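Novice: If you read the sequence shown in the UniProt record's numbering, its first letter stands for residue 1, the second for the next number, and so on. Glycine is no exception: its CB is placed at the ideal position from the N, C-alpha and C atoms. Model, not experiment: these values are computed from the prediction. Handing you a structure now.
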Amino acid sequence: MTGPFDRLDEILPADVLTVVHRMTPIPTVAGRAGAIAKQDPNFVRGDIGQVVGLDPSIEVLYGPPVGLEPLREAVAEFWTRTFRLDDPAYLGHSLGAENVTITTGAAEALTLLFRCFGAGKNVGLPRGYWENYLNGVGLSGGNAVVVDYFAESGELDLAGLGRDVDEKNVKCLVANFPCNPTGAVLTEEDARAIAAFLRERDLILIADEVYARLRFDGGAPISLLAYAPERVVSLSSASKEYLIPGARIGYVVSDRAELTNAVLRKLVRANTASPNVPGQRMVLEMMTKDLEALRAGDEPAMLKKIRAELGQRKTALVEVLRKHGFDVVGRPGHEPMGTIFLMASLPNWWKDGDEEFVEAALERSAFSAIPGSAFGLAGSVRFSFGSMSLEAVAELDRRLSAWESDRG
Numbered sequence: 001m002t003g004p005f006d007r008l009d010e011i012l013p014a015d016v017l018t019v020v021h022r023m024t025p026i027p028t029v030a031g032r033a034g035a036i037a038k039q040d041p042n043f044v045r046g047d048i049g050q051v052v053g054l055d056p057s058i059e060v061l062y063g064p065p066v067g068l069e070p071l072r073e074a075v076a077e078f079w080t081r082t083f084r085l086d087d088p089a090y091l092g093h094s095l096g097a098e099n100v101t102i103t104t105g106a107a108e109a110l111t112l113l114f115r116c117f118g119a120g121k122n123v124g125l126p127r128g129y130w131e132n133y134l135n136g137v138g139l140s141g142g143n144a145v146v147v148d149y150f151a152e153s154g155e156l157d158l159a160g161l162g163r164d165v166d167e168k169n170v171k172c173l174v175a176n177f178p179c180n181p182t183g184a185v186l187t188e189e190d191a192r193a194i195a196a197f198l199r200e201r202d203l204i205l206i207a208d209e210v211y212a213r214l215r216f217d218g219g220a221p222i223s224l225l226a227y228a229p230e231r232v233v234s235l236s237s238a239s240k241e242y243l244i245p246g247a248r249i250g251y252v253v254s255d256r257a258e259l260t261n262a263v264l265r266k267l268v269r270a271n272t273a274s275p276n277v278p279g280q281r282m283v284l285e286m287m288t289k290d291l292e293a294l295r296a297g298d299e300p301a302m303l304k305k306i307r308a309e310l311g312q313r314k315t316a317l318v319e320v321l322r323k324h325g326f327d328v329v330g331r332p333g334h335e336p337m338g339t340i341f342l343m344a345s346l347p348n349w350w351k352d353g354d355e356e357f358v359e360a361a362l363e364r365s366a367f368s369a370i371p372g373s374a375f376g377l378a379g380s381v382r383f384s385f386g387s388m389s390l391e392a393v394a395e396l397d398r399r400l401s402a403w404e405s406d407r408g
């Protein structure tokens, strides 16, 4: 099925196309020279803009703009196996290295995708959005607007989403499921319905799927890329599952190799030159272990451990918050079932706003949280159970009890 990604020269902004089509002799020569050097160890490299040969034990050379080839290959296989993309019910084929661009965290991935598909356009963010989306859309020259994916009943509401798209003239949508900050997740039926909606409306969707495997409801991980590959581009990051956010390794995955292997190759080079090479090596080592388990039909051991621990923390935190008058906020009628975050409405004993609540908690040296207004959910606060042990959740219980006692 064809879609907007098959006509990138028509839909990308003019300044992006200028970068994409500009001749870049440095990486071009470097690529050819590197291939020759593999065959001829005495080949003289006069193209590398870095001091080498003084202390090889500490030298780290620049990597390719799109990332180290072994990591790109690993991500492609990882994505194919995790989301069953080679199943005829989904893509029906595997991805290759050319379908992956490694980036400096998911943040760079978002920045570049907003630049490609959000410039000069209204970009629809889900209600309850990661606050840094606003910066990415704004810096791209786009305008962020809020859309609702769910009705008050908690069901997927495509009629309401369609009204938002029409009334707010939305040209590009963002989906983030499992969602930071609410923990909302999609069912497969939801994903298929969203794919049909995108085709009907001729929309592009940027799928932020950083937390795709961190869901606690027992459901299989879902990538919207599997359902509408001609108009969905996905991005993810190794930071949360592998507990190494400082490595700054993210990636973009697309069924259209022209986007990942050509367009983003030029944009990454123009933006950050190349992603962190030591970080890529760390991720490759950890992802290789995941792939060994997936090939054997097993669940990766580290993921299983992380998900079990986070599920316990989430359950304990929800119990403590409800005990003190909070309730979860997100997909109505549904528990938060993904990510490392949850949103909670302010308790009825608090009469001011969410920013005042967070400030008061800090003033008391009681605990920290993030005001919900930062995510378009005023009157609530975001807690991260990723950073809370079960002991910390119990301590939060004690401190909330003390606060309520002080209030009389």
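Roughly how many angstroms lie between the CA atoms of L291 and T82, to the nearest whole one?
Specialist: C-alpha separation (whole angstroms): 9 Å.
Novice: Look up M388 in the DSSP assignment and say whether it is helix, strand or coil.
Specialist: Looking at M388 - three-state DSSP - the assignment turns out to be coil, as it is neither helix nor strand.
Novice: Per DSSP, what kind of secondary structure is D208 in: helix, strand or coil?
Specialist: DSSP places D208 in strand when its eight states are reduced to three.
Novice: At the level of alpha carbons, what is the spacing between R84 and K289?
Specialist: Cα to Cα, R84 sits roughly 18 Å from K289.
Novice: Near P133, what residues of its chain come up, given a Cβ to Cβ distance below 6 Å and the 5 sequence neighbours on each side ignored?
Specialist: A small fix is needed here, since residue 133 is Tyr in this sequence, not Pro. Only L125 meet the Cβ criterion.
Novice: In its own chain, which residues sit with a C-beta less than 7 Å from the C-beta of M282, not counting the 5 before and 5 after it?
Specialist: Here the set comprises I244 and A247.
Novice: Let me check one thing: in DSSP terms, what residues is L134 bridge-paired to?
Specialist: L134 is not bridged to any residue.
Novice: May I ask which residues mark the beginning and end of the beta strand (DSSP E) holding N176?
Specialist: N176 -> no beta strand (DSSP E), and no H or E assigned at all.
Novice: How many whole angstroms separate the CB atoms of F383 and E131, which I take to be in contact at a CB cut-off of 8 Å?
Specialist: 15 Å between Cβ atoms; not a contact.
Novice: Report buried or exposed for L139, applying the criterion of at least 16 other Cβ atoms within 10 angstroms of its Cβ.
Specialist: That one is exposed.
Novice: Can you pull the DSSP bridge partners for V145?
Specialist: DSSP lists G124 as partners of V145.
Novice: Just the C-alpha distance for T104 and V210, rounded to the nearest angstrom, thanks.
Specialist: For T104 and V210, the distance between alpha carbons rounds to 14 Å.
Novice: Mapping DSSP to helix, strand and coil, what is L91?
Specialist: Coil.
Novice: Are the Cβ atoms of K171 and N122 separated by less than 8 Å?
Specialist: Their beta carbons are under 8 Å apart, which means K171 touches N122 by this criterion.
Novice: Can you tell me which residues form a DSSP beta bridge with residue 422?
Specialist: This structure gives no information on residue 422, because the portion of the chain shown stretches from 1 to 408.
Novice: List the endpoints of the continuous alpha helix (DSSP H) containing T28.
Specialist: P25 to Q39 is the extent of the alpha helix (DSSP H) around T28.
Novice: Pop quiz: residue 412 and Q280 are said to be a contact at Cβ under 8 Å. What is the actual Cβ separation, rounded to whole angstroms?
Specialist: Here the chain covers residues 1 to 408 and nothing more, so residue 412 does not appear.
Novice: Between the Cα of K323 and those of F341, K304, L310 and L346, spot the shortest distance and give me the residue it belongs to.
Specialist: Among F341, K304, L310 and L346, the Cα nearest to that of K323 is on L346.
Novice: Tell me, which residues are paired with V253 by DSSP?
Specialist: DSSP lists V100 and S234 as partners of V253.
Novice: State whether the region 58-74 contacts the region 212-228, with contact taken as three or more CB pairs (one from each stretch) at a distance under 8 Å.
Specialist: Short answer: they don't touch.
Novice: Tell me the DSSP bridge mates of V170?
Specialist: N122, per the DSSP bridge assignment.
Novice: Spell out a yes or no on whether the region 334-346 and the region 178-185 are touching, meaning 3 or more CB-CB pairs, one atom from each, closer than 8 Å.
Specialist: Contact holds: three or more Cβ-Cβ distances are below 8 Å.
Novice: Going by C-alpha distance, which of Y242, I36, E299 and V268 is nearest V252?
Specialist: The shortest C-alpha separation from V252 is found at V268.
Novice: Would you kindly work out how many angstroms separate the C-alpha atoms of D164 and V146, rounded to a whole number?
Specialist: Cα-Cα distance, rounded: 8 Å.
Novice: If you measure between the beta carbons of K240 and I340, is that distance less than 8 Å?
Specialist: Yes, these two residues count as a Cβ contact at 8 Å.
Novice: Within 10 angstroms of the Cβ of A238, are there 16 or more other Cβ atoms? Answer buried if so, exposed if not.
Specialist: A238 should be labelled buried.
Novice: Going by DSSP, what residues sit across from A344 in a beta bridge?
Specialist: Per DSSP, V328 and V381.
Novice: For E108 versus N271, is the C-beta distance shorter than 8 Å?
Specialist: Yes, these two residues count as a Cβ contact at 8 Å.
Novice: Between P13 and A119, is the Cβ-Cβ spacing less than 8 Å?
Specialist: Contact: yes.
Novice: Since I believe L205 is in contact with A175 (beta carbons under 8 Å), could you give me their beta-carbon distance rounded to a whole number of angstroms?
Specialist: Right, their Cβ atoms sit about 6 Å apart.
Novice: Output yes or no for whether 8 Å exceeds the beta carbon distance between N276 and I306.
Specialist: Their beta carbons are not under 8 Å apart, which means N276 does not touch I306 by this criterion.
Novice: Going by DSSP, what residue range makes up the alpha helix (DSSP H) through E188?
Specialist: Per DSSP, E188 belongs to the alpha helix (DSSP H) from E188 to R201.
Novice: How long is the line joining the alpha carbons of A293 and F177, rounded to whole angstroms?
Specialist: Distance between the alpha carbons of A293 and F177: 24 Å.
Novice: Determine, using beta carbons only, whether L396 and V320 come nearer to each other than 8 Å.
Specialist: A contact, by the Cβ cut-off of 8 Å.
Novice: To the nearest angstrom, report how far apart F43 and V19 are at their CA atoms.
Specialist: Approximately 31 Å between the Cα atoms of the pair.
Novice: Does the Cβ of W226 have 16 or more other Cβ atoms within 10 Å, making it buried, or fewer, making it exposed?
Specialist: Checking the displayed sequence, the identity of residue 226 turns out to be Ala instead of Trp. A226 should be labelled buried.
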